[in-house]
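Contents: one structure, followed by commentary.
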Amino acid sequence: MIDVTLVGAAGRMGGRVRRSLRDDATYRLTLVENDPAGVARLAAEGWATTPPDAAYRGAELVVFAVPDRIVGDVAADVVPRLDPGALVVCLDPAGAHADKIPRRDDVGCFVTHPTHPPLFDLLAEPTIEARRDYWGGGLARQSLVHALVWGPESDYARGVALAERVFRPVLRSFRVSLADMALLEPAMSETITLTCIQLIRDALDEVVARGVDPLAARDFLLGHVQISCALLFGELDWELSDGAKQAVRDAMEDLIQPGWREAFAPDAVRLSVGRITGEQG
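Going by numbering that gives the first Met the number 0, the sequence shown opens with residue 0, and the numbers climb by one from there.
This is the structure we're talking about:
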């Protein structure tokens, strides 16, 4: 069996790793958790934790399931203790992109991150339970992106094998660079997309505040979100009306800063990642 040590085992992402590998015949899971409340939660679920020194000794794969803001401190403590040949597996690109993972030539570094179930693939899931698995909790298929930050090619294969087991069922797997991963998150998925969706939610609150029935407004909004996505992402052989196209052109000038694409510039991405990992105020 392959020895996997999970750091931050009591957290949300740690829970996904635990559930996926609990009865796995390939991987033997060892849990590390420093928070006493987290240790108590794990014990209540029938999980035992292991002291760090014993947990890292002999570990072949070490998964960091810790918040971005502390990943640097955790990595600085963990990486020097690992045996040669170990592979650090990060579940988010921010720490590696911000150079928070100490580099050892005899210890590899691999990053993986789930896409969460893509919208139109989610709608095609065969059961209502899977169609409501928005996060990707083991029912709906989701894709994965992976990057080998450093290490031999065999480390990439080891990382992908573990990631596809943890985040199954997997729709597709993609190999990208670490810089690509930072463009996908935080730049595209959070800085741009989440901000725009927050604006959409704020628009719902605004029309309700102006007297529109809340349920009518919600149904109207979410129906239009769905059809707009279908049209703009090529899921329908149809076109926006001329009036809708004109409204978009006008709103782009009034609502969107003309330099918004600078959010993808390398310096902007590094600044964003730095804030996420605690470098900036």
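Using N, Cα and C, we set each Cβ at its ideal position, and we do this for glycine too.
Owing to the predicted nature of the structure, the values given are computational and were not obtained by experimental measurement.
On the premise that L5 lies in contact with L30, defined as a C-beta separation below 8 angstroms, what is that separation, rounded to the nearest angstrom?
Looking up residue 30 in the sequence shown gives position 31. Looking up residue 5 in the sequence shown gives position 6. Correct: roughly 5 angstroms between the Cβ atoms.
Proximity below 7 angstroms, CB of P185 to CB of Q141:
Counting from one through the sequence shown, the residue named residue 185 turns up at place 186. Counting from one through the sequence shown, the residue named residue 141 turns up at place 142. Not a contact, by the Cβ cut-off of 7 angstroms.
Could you tell me the distance, in whole angstroms, from the CA atom of D154 to the CA atom of V148?
Along the sequence shown, read from residue 1 onward, the residue named residue 154 stands at position 155. Along the sequence shown, read from residue 1 onward, the residue named residue 148 stands at position 149. Their backbone Cα atoms lie some 10 angstroms apart in a straight line.
From which residue to which residue does the beta strand (DSSP E) around V62 run?
Locating residue 62 in the sequence shown gives position 63, counting from the first residue. Where V62 is concerned, the enclosing beta strand (DSSP E) starts and stops at L60 to F63.
Residues that DSSP places opposite W134 in a beta bridge
On the sequence shown, residue 134 is found 135 positions in, with the first residue counted as 1. Per DSSP, none; premise fails for W134.
Can you tell me which of the three DSSP states D160 falls into?
Against the sequence shown, residue 160 aligns to sequence position 161. Looking at the sequence shown, residue 160 is not Asp but Ala. Residue state, collapsed to three classes: helix.
So, with DSSP's three-state summary, where would you put P101?
Counted from its first residue, the sequence shown places residue 101 at position 102. Looking at P101 - three-state DSSP - the assignment turns out to be coil, as it is neither helix nor strand.
Status (buried if at least 16 other CB within 10 Å, exposed otherwise) for E205:
Here residue 205 refers to the residue found at position 206 when the sequence shown is read from its first residue. Exposed.
For R17 and V165, what's the separation of their Cα atoms in angstroms?
The count along the sequence shown starts at 1 and reaches residue 17 at position 18. The count along the sequence shown starts at 1 and reaches residue 165 at position 166. Roughly 8 angstroms separates the two Cα atoms.
On a Cα-Cα basis, can you pick out the residue from V144, D105 and C89 that is closest to H115?
Here residue 115 is taken as the residue at index 116 of the sequence shown, counted from 1. Of V144, D105 and C89, the smallest CA-CA separation from H115 is found for V144.
Where does the unbroken beta strand (DSSP E) through G107 begin, and where does it stop?
Position 108 of the sequence shown, counted from the first residue, corresponds to residue 107. G107 -> beta strand (DSSP E) spans G107 to P113.
Same chain, Cβ closer than 7 angstroms to A181, neighbours up to 5 away in sequence not counted
Along the sequence shown, read from residue 1 onward, the residue named residue 181 stands at position 182. Only P92, H96, V268 and V272 meet the Cβ criterion.
Going by DSSP, what residue range makes up the beta strand (DSSP E) through Q141?
Looking up residue 141 in the sequence shown gives position 142. Taken as a continuous stretch (DSSP letters only), the beta strand (DSSP E) holding Q141 covers Q141 to W149.
In this structure, does DSSP put V175 in helix, strand or coil?
Mapped onto the sequence shown, residue 175 falls at position 176. Reduced to three states, the DSSP call for V175 is coil.
Where I255 sits in the DSSP three-state scheme
Residue mapping note: residue 255 aligns to position 256 of the sequence shown, counting from 1. Here I255 carries a coil assignment [DSSP, helix/strand/coil].
Excluding sequence positions up to five away, which residues of its chain have a Cβ less than 6 angstroms from the Cβ of G37?
For the purposes of this step, residue 37 is identified with residue 38 of the sequence shown, where counting begins at 1. The answer, listed in chain order, is A9.
Should G71 and L86 be called a contact, given that it needs their Cβ atoms to be closer than 7 angstroms?
Counted from its first residue, the sequence shown places residue 71 at position 72. Counted from its first residue, the sequence shown places residue 86 at position 87. With a cutoff of 7 angstroms on beta-carbon distance, G71 and L86 are scored as not near each other.
Below 7 angstroms between beta carbons: does that hold for Y55 and L90?
Taking the sequence shown and counting its residues from 1, one reaches residue 55 at position 56. Taking the sequence shown and counting its residues from 1, one reaches residue 90 at position 91. For Y55 and L90, no; Cβs fall outside 7 angstroms.
heavy atom of the ligand MN below 6 angstroms from D253 C-beta:
Absent from the structure shown: the ligand MN. Ligands present: none.
Check this for me: beta carbons of F119 and E234, under 7 angstroms apart or not?
Against the sequence shown, residue 119 aligns to sequence position 120. Against the sequence shown, residue 234 aligns to sequence position 235. It is a contact, given that the beta carbons lie within the stated cut-off.
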